[in-house]
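Sequence lines, in order, name chains U and X. By our numbering, the letter at position 311 of the first sequence is numbered 311, and the numbering carries on one by one without gaps. By our numbering, the letter at position 27 of the second sequence is numbered 27, and the numbering carries on one by one without gaps. Cβ coordinates follow ideal geometry from the N, Cα and C atoms, glycine included. Since the structure comes first, as structure tokens, the remarks are kept for the end.
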Amino acid sequence: MKKVYINSIASISPQKTFDNTIFLDEIIDYNDTVIFVQDPDYKQYIPPAAARRMAKGIKMGVVASKIAMDEAGIETVDAIITGTGMGCMIDSEKFVSAIIDNNEQYLTPTSFIQSTHNTVAGQIALGMECKAYNFTYVHSAISFEAALLDAKMQLENAEATHILVGGVEELGEHTTKVHRVINHIKPEAVTISEVLNSKTKGAVFSEGTNFFVISNQRRESCYAELVAIETFNTLQKDRVSEAIEAFLKENNLKADDIDVVVFGNNGDVDFDGFYNQLSKGIFSKTQQVFYKHLVGENNTVSAFGVWLASKILKTQSIAEIVKINKINPSKIKTVLCYNQYRGQNHSLVLLKKC
Amino acid sequence: MSELKEELKAKIIEQLNLEDVAVADIADDDALFGDGLGLDSIDALELIVMLDKDYGIRLSDPKEGRKIFESVQVMADYIQEHRTK
Chain U
1 MKKVYINSIA SISPQKTFDN TIFLDEIIDY NDTVIFVQDP DYKQYIPPAA ARRMAKGIKM
61 GVVASKIAMD EAGIETVDAI ITGTGMGCMI DSEKFVSAII DNNEQYLTPT SFIQSTHNTV
121 AGQIALGMEC KAYNFTYVHS AISFEAALLD AKMQLENAEA THILVGGVEE LGEHTTKVHR
181 VINHIKPEAV TISEVLNSKT KGAVFSEGTN FFVISNQRRE SCYAELVAIE TFNTLQKDRV
241 SEAIEAFLKE NNLKADDIDV VVFGNNGDVD FDGFYNQLSK GIFSKTQQVF YKHLVGENNT
301 VSAFGVWLAS KILKTQSIAE IVKINKINPS KIKTVLCYNQ YRGQNHSLVL LKKC
Chain X
1 MSELKEELKA KIIEQLNLED VAVADIADDD ALFGDGLGLD SIDALELIVM LDKDYGIRLS
61 DPKEGRKIFE SVQVMADYIQ EHRTK
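Structure follows, in structure tokens:
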């Protein structure tokens with residue numbers, strides 16, 4: 001089997017991450033329950049005629065894909081694979097509202113056409129005139145990992161050479177209201193420094209996108225080797241350590257071999273225990289980092305965890321703002337990302353320095 | 001009539017999300033499709049729905065749209081003559 005490399009990355013998030021030349025140099029603090037991305041200049045990347053029908057998620061996805069393609073230095077790919085938990089919420093809400101408001105009459109086509117989950121991957125393909133494999137995975141908090149796993153298997157088996165993989169989520173006004181009602185969003189505004197020690201239920205919700213060009217050829221721009229991915233729809237809290245150790249064993253590693261572990265803590269008092277048991281347990285001597293205090297929670301935000309891990313491996317540096325503890329490894333060779341959302345849909349992504 | 005034309009221009013901009021276009025940028029006899037505003041077939045469907053919803057005009061043959069949507073002036077003339085609301 002061929003090895004798989006992350007050759008480029010792109011992130012549009014509530015932090016200024018769209019510029020790959022910087023790495024969390026300037027942090028934007030928030031004091032809110034829902035946070036939005038720092039927008040790049042979309043017009044620089046998308047012609048106005050094409051942009052006018054694109055909702056936020058599509059614009060973010062198209063621009064992030066272009067940034068990733070530019071960095072990888074390639075014109076086209078052998079597959080475009082995206083993951084999204086909620087899809088194009090803005091156009092979905094617009095279309096459904098129009099159905100209700102107009103008593104099922106006068107339905108316009110644009111929002112319907114643009115509302116499907118695979119719109120982002122489709123628009124990226126149209127933009128680069130790529131007629132290759134185009135697929136979108138929709139599976140809550142492991143949507144991105146499902147896309148990544150598909151890409152990894154195709155590359156390992158030499159069915160493709162370069163694949164564009166990404167995760168994207170946008171915030172719909174009505175859906176956000178519903179999440180507030182069911183207490184998935186925190187009742188009180190929190191700053192980034194308060195998230196980790198929050199004593200309330202729910203998370204700070206957000207939008208964002210992260211794209212990667214992954215290949216079975218190592219390019220000069222390489223960030224990391226993508227070694228393994230595993231997902232679990234259900235996993236009891238007291239079985240997490242065991243599952244991680246088994247995953248590491250399959251890859252000839254032990255917990256002590258991990259130089260940095262990237263946790264998905266979002267400050268939800270009901271579910272951060274999944275990470276805290278690892279912090280105090282098998283990874284107590286490992287450098288631990290987290291990121292959702294900076295970029296919020298959404299179904300594919302774990303892709304930001306992979307972005308962060310990739311940056312750490314390439315730059316061999318860890319921004320103070322993401323550190324949970326201070327082990328400060330001298331060399332960073334192996335990074336493990338662990339994420340779950342509300343105790344379900346757990347994912348493990350193992351990366352190595354390339 | 002001139003009020004209707006201004007109203008139509010504003011609706012076209014809003015409905016079709018023409019971000020960089022202002023009412024003043026659209027002349028009454030500018031072509032809406034092709035070389036003019038550059039609208040396309042999906043926009044034509046949006047305009048057909050707008051005629052029905054806002055002016056009570058139901059086009060039985062979508063091909064009629066090609067003539068009716070030639071310019072704001074032609075649209076306004078057609079609406080003036082056929083509107084039911």
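Asp-70 of chain U and Ala-203 of chain U have their C-alpha atoms spaced approximately 34 Å apart. A direct Cα-Cα distance of roughly 6 Å separates Asn-216 of chain U from Lys-3 of chain U.
Secondary structure of Ile-22 of chain U (DSSP, three-state): coil. With a cut-off of 8 Å on Cβ pairs, the stretch 278-288 of chain U is in contact with the stretch 318-334 of chain U, counting three or more such pairs. The three-state reading of DSSP puts Leu-37 of chain X in coil, since its state is none of H, G, I, E or B.
Chain X has a Cβ within less than 8 Å of the Cβ of Tyr-106 of chain U.
Closest in alpha carbon position to Leu-47 of chain X, among X:Ile-68, X:Asp-28, X:Asp-35, X:Ala-31, is X:Ile-68. Boundaries of the beta strand (DSSP E) around Ile-229 of chain U: 224-234. With respect to Pro-14 of chain U, Val-306 of chain U sits apart: the two C-beta atoms are not nearer than 8 Å. In the three-state reduction of the DSSP assignment, Val-49 of chain X falls in the helix class. DSSP links Lys-352 of chain U through a beta bridge to U:Glu-225, U:Thr-334. If the five residues before and after Ala-31 of chain X are omitted, its C-beta is found closer than 8 Å to the C-beta atoms of Leu-37, Glu-70, Ser-71, all from its own chain and listed in chain order. Taking 8 Å as the threshold, the shortest C-beta distance from Leu-8 of chain X to chain U does not fall below it. Take Asp-28 of chain X, set aside five residues on each side of it, and the residues of its chain with a beta-carbon closer than 7 Å to its own are Lys-5, Ser-71, Val-72, Gln-73, in chain order.
Of all residues in the stretch 37-54 of chain X, only Gly-38, Ile-42, Leu-45, Glu-46, Val-49, Asp-52, Lys-53 place a beta-carbon less than 7 Å from a beta-carbon of chain U. When rounded, the separation of the alpha-carbon atoms in Cys-337 of chain U and Glu-230 of chain U is 11 Å.
For Gly-57 of chain U against Val-168 of chain U, the beta-carbon gap comes to about 5 Å, under 8 Å, which counts as contact.
For the 8 Å CB-CB criterion, Ile-318 of chain U and Val-335 of chain U do not form a contact. Taken in chain order, the members of the stretch 110-136 of chain U whose beta-carbon sits within less than 9 Å of a beta-carbon on chain X are Thr-110, Ile-113. Membership of Phe-304 of chain U in any beta strand (DSSP E) is not indicated; the residue belongs instead to the alpha helix (DSSP H) covering 302-315. Around the C-beta of Ser-2 of chain X, fewer than 16 other C-beta atoms lie within 10 Å, and the residue is accordingly described as exposed. Neighbourhood of Ala-49 of chain U in chain X, by CB distance below 8 Å: Gly-38, in chain order. In this structure, the straight-line span from the alpha carbon of Ala-243 of chain U to that of Lys-353 of chain U is close to 23 Å. Listed in chain order, the non-local C-beta contacts of Ile-22 of chain U below 8 Å within the same chain comprise Lys-16, local neighbours out to five positions each way being set aside.
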